[in-house]
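Sequential numbering from 5 applies to the sequence shown in the numbering used here. Backbone N, C-alpha and C define an ideal beta-carbon position, used for all residues, glycine too. Notes to accompany the following structure.
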Amino acid sequence: MKETLKTMLYSLHVIFHPFDCFWEVKHHKKNTFAAANILLGIYCVLVTISNQTTGFLFNFSMPEERNVFVDIISIILPIMIWSVLNWALSTLLDGKGTMKQIWITTIYGMTPMIISVIPCIIISQVLTLEESLFYSVFMSGMSYWSLILILLGNMVIHEYTLGKTILIALFTLIGFVAVVLIFIIFLSTFQQLIIFINTIYAEFKYRL
5 MKETLKTMLY
15 SLHVIFHPFD
25 CFWEVKHHKK
35 NTFAAANILL
45 GIYCVLVTIS
55 NQTTGFLFNF
65 SMPEERNVFV
75 DIISIILPIM
85 IWSVLNWALS
95 TLLDGKGTMK
105 QIWITTIYGM
115 TPMIISVIPC
125 IIISQVLTLE
135 ESLFYSVFMS
145 GMSYWSLILI
155 LLGNMVIHEY
165 TLGKTILIAL
175 FTLIGFVAVV
185 LIFIIFLSTF
195 QQLIIFINTI
205 YAEFKYRL
């Protein structure tokens, strides 16, 4: 457990030394999978807290209507889809990384987003609407920083050039959108089927 926590804290090294860190994660660091999952769990908890406590000027959802389960799924599911699709595409294009390594480097790359949650909660309590630009710039900066780190992590584990990494990422995002659309169509069809079955049942029950 101590080694896992030490490996987890190593994620802070990603922020300023991504190439060294991702290479270490791939080849030398132990317990990276467990450490990544702990980081993901922490992020889920922090986002859940953020959804409830962010200042009302910057919280565009109704805290009392939030569903914790949905919040967690909305974080984990995209990472899962990204990992599977990225692995599938990279396998066809001579990528060296495994699905496990994609999962780990993606979460490690999210470090700026993870460490930004608490500062965002704090500053949302004191900023006025006129100062909201600072909040937006800070959040956007951390998100873009994480995106860059995720791409660099992908490049290191697959041993790609930057151009090929960006190309694979674009194809992965296209696949991601396709999966989401298929899921929405399936869900809509399933709902219509349930409504149809309920209507038939109600009609049958009424005639009896």
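In the three-state scheme derived from DSSP, where H, G and I count as helix and E and B as strand, D75 is classed as helix. For a cut-off of 8 angstroms, the C-beta gap from V29 to I108 is around 6 angstroms, short enough to register as a contact. Closest by C-alpha distance to S128, out of M143, T8, F175, is M143. Around the beta carbon of L155, 16 or more other beta carbons sit within 10 angstroms, so the residue counts as buried. Of the candidates L13, T169, F62, K10, F62 places its Cα closest to the Cα of I125. By the Cβ neighbour-count rule, M114 is buried, with 16 or more other Cβ atoms within 10 Å of its own. The three-state secondary structure of Q195, taken from DSSP, is helix. The beta carbon of V141 lies closer than 7 angstroms to none in the same chain, with the five residues before and after it left out. Taking one beta carbon from each stretch, the stretch 35-52 and the stretch 170-184 have fewer than 3 pairs nearer than 8 angstroms; the two do not touch.
Sorting W27, I189, M84 by C-alpha distance to the C-alpha of N158 places W27 at the top. Of the candidates F73, H17, I161, I161 places its Cα closest to the Cα of W91. With 16 or more other Cβ atoms from the protein chains shown falling within 10 Å of its own Cβ, P22 counts as buried.
If the five residues before and after I111 are omitted, its C-beta is found closer than 6 angstroms to the C-beta atoms of A40, L43, L44, all from its own chain and listed in chain order.
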